[in-house]
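For the sequence shown, the residue numbers in my numbering are 154 to 508. For glycine and all other residues, C-beta sits at the position ideal for the given N, C-alpha and C.
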Amino acid sequence: GAELLGRNEQRMGYGFNQKYHGVFTTLREEQLDCIECSHVADQLPFRERLALMEAAENAKFDPDRYLADSADESVEDDYLYRAMMDHCCPWDTHLRAFRGLSKEDRKSSNSPLVASFPGFAEEEEATLRQLPRVELLPPDGALRDRICLSAALSAADILFGAAYEERFSQGEDGPESAWTIATLSPSLSFLVAWHHVYASAPQATEATEGPDSQPEIRLPSRRVEALEIVESAEPLEIEEAVKLCVRQCARRALTYPYLRRWDVMRKCLRDVHIMLQLGRRAVSNALLRVRRRLEKSETHYILNTIFLNDYCVWAQSPEEHWLVDESLKRLATWWGTSLKALSLDDVGLEIPRTG
């Protein structure tokens, strides 16, 4: 009994390095709106999260809404669409500064990406000082590289939510800011752990058709057999998990937010690629802004405790502990390749063709 529950809980952790469990059972009903799977979060093994997320996306995807946003020519003249596509994000400023460095400056600097970083805004500096003093124990053993890359990949999908929110809000705090970030990030919305995703996710319960319908939540089993299935399955290699992460971010951006367009979604995926290429300063800066957005939300602030506090510390951690620089560099290559190859068919939604 007790031993089985302990092993099961190890399959149900979430947050940075999956170190939290039981948090959602302590929240009030109104606080459970912070993420989509909160009502079953503490009973949801790693293996079932992706299937449940896909079932929810399939149920909520609205082809007519997508078509209206994508095929209506008036949308392209809409102020919000143009503002989102043309907005100069903080990482764009950093990228321009980096490109503006002369060849001599790049050669003379040990780290031109750091040299070209515009610096933290006053709010980000204040957030850095407020971070809890926690030590993130580095992983060791045979899975060290895999766990480090998985941590960085969850940061990347959080950055995807941040990129859409940055463009939608034009860099200003808005009433939907926390919701947008938490909804578009697979790691936040369904607690996906990227080193525990599998090539053949279990079939989710068939959802009732219609954009407003809710998928039936199939409570995960606590049977020993279910645990043995998880233990005997081979999880995807991280490079394959990156492709899956890009796909899932795309699906969520075409299903949930106010403006659901293919070009807006790809723009935000490109934003993540830029941040990964720029390295830990750009990533840290964006994570600090996410933390500030969540902090102001009456429902989503708990995600700072579970994710963002630790991720902001992770972005400052010594390289020998979490291999942040190396992981971001490797992810940037895989993310760029996955973004370039992404097609309508890959996304797997019933997306209508617009010509």
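Report the three-state DSSP secondary structure of residue i (helix, strand or coil).
i       : result
Tyr-454 : coil
Tyr-411 : coil
Pro-292 : coil
Pro-265 : helix
Pro-216 : helix
Thr-358 : At Thr-358 the pLDDT is 40, less than 50, meaning the model places this residue with poor confidence and gives no usable figure here.
Using 8 Å for Cβ pairs, my map puts residue i next to residue j. What's the rounded Cβ distance?
i       : j       : result
Tyr-411 : Phe-343 : With 8 Å as the limit, Tyr-411 and Phe-343 do not qualify as a contact, their Cβ atoms being about 21 Å apart.
Leu-337 : Leu-407 : Not confirmed; about 10 Å, so no contact.
Ser-303 : Ala-236 : That belief does not hold up - the Cβ atoms of Ser-303 and Ala-236 are roughly 34 Å apart, past 8 Å.
Cys-421 : Phe-313 : 6 Å
Val-350 : Leu-481 : That pair is no contact at about 20 Å.
Leu-233 : Val-466 : Going by Cβ atoms, the distance from Leu-233 to Val-466 rounds to 35 Å, so no, they are not a contact pair.
Ile-334 : Arg-446 : 6 Å
Check whether chain D comes within 9 Å of residue i, counting only Cβ atoms and requiring the distance to be less than that.
i       : result
Ala-435 : No chain D is present in this structure, which holds just one protein chain.
Can you tell me whether residue i is buried or exposed, with buried defined as 16 or more other CB within 10 angstroms of its CB?
i       : result
Asp-424 : buried
Gly-294 : exposed
Glu-362 : Confidence is the limiting factor: at Glu-362 the pLDDT is only 43, short of 50, which leaves the residue's position unreliable and the question unanswerable from this model.
Gly-489 : buried
Gly-272 : exposed
Ser-213 : What sits at residue 213 in the sequence shown is Lys, not Ser. It counts as buried.
Ala-394 : buried
Glu-451 : exposed
Gly-166 : buried
Leu-341 : buried
Using alpha carbons as the reference points, say which of the options lies closest to residue i.
i       : options                            : result
Asp-310 : Ala-439, Trp-475, Phe-177, Tyr-173 : Ala-439
Arg-442 : Leu-431, Ser-269, Glu-325          : Glu-325
Ser-491 : Pro-265, Glu-392, Glu-448          : Glu-392
Asn-211 : Tyr-409, Ala-485, Arg-445, Asn-462 : Tyr-409
Glu-390 : Arg-286, Leu-281, Cys-301          : Cys-301
Ser-307 : Glu-277, Pro-339, Glu-278          : Pro-339
### Task
Decide yes or no for the touch test of the stretch 210-220 against the stretch 236-246: beta carbon pairs closer than 8 Å, at least 3 of them.
With the cut-off at 8 Å, the stretch 210-220 and the stretch 236-246 do not touch.
#### Entry: Meets three-Cβ-pair contact criterion under 8 Å: the stretch 394-409 and the stretch 487-501
With a cut-off of 8 Å on Cβ pairs, the stretch 394-409 is in contact with the stretch 487-501, counting three or more such pairs.
### Message
So, does the stretch 316-331 touch the stretch 165-182, judging by three or more C-beta pairs under 8 Å?
### Response
Below 8 Å, too few C-beta pairs join the stretch 316-331 and the stretch 165-182 to call them touching: fewer than three.
### Query
Looking at C-beta atoms only, is the number of pairs between the stretch 184-193 and the stretch 471-491 that lie closer than 8 Å three or more?
In short, these stretches do not touch, since the Cβ pair count stays below three.
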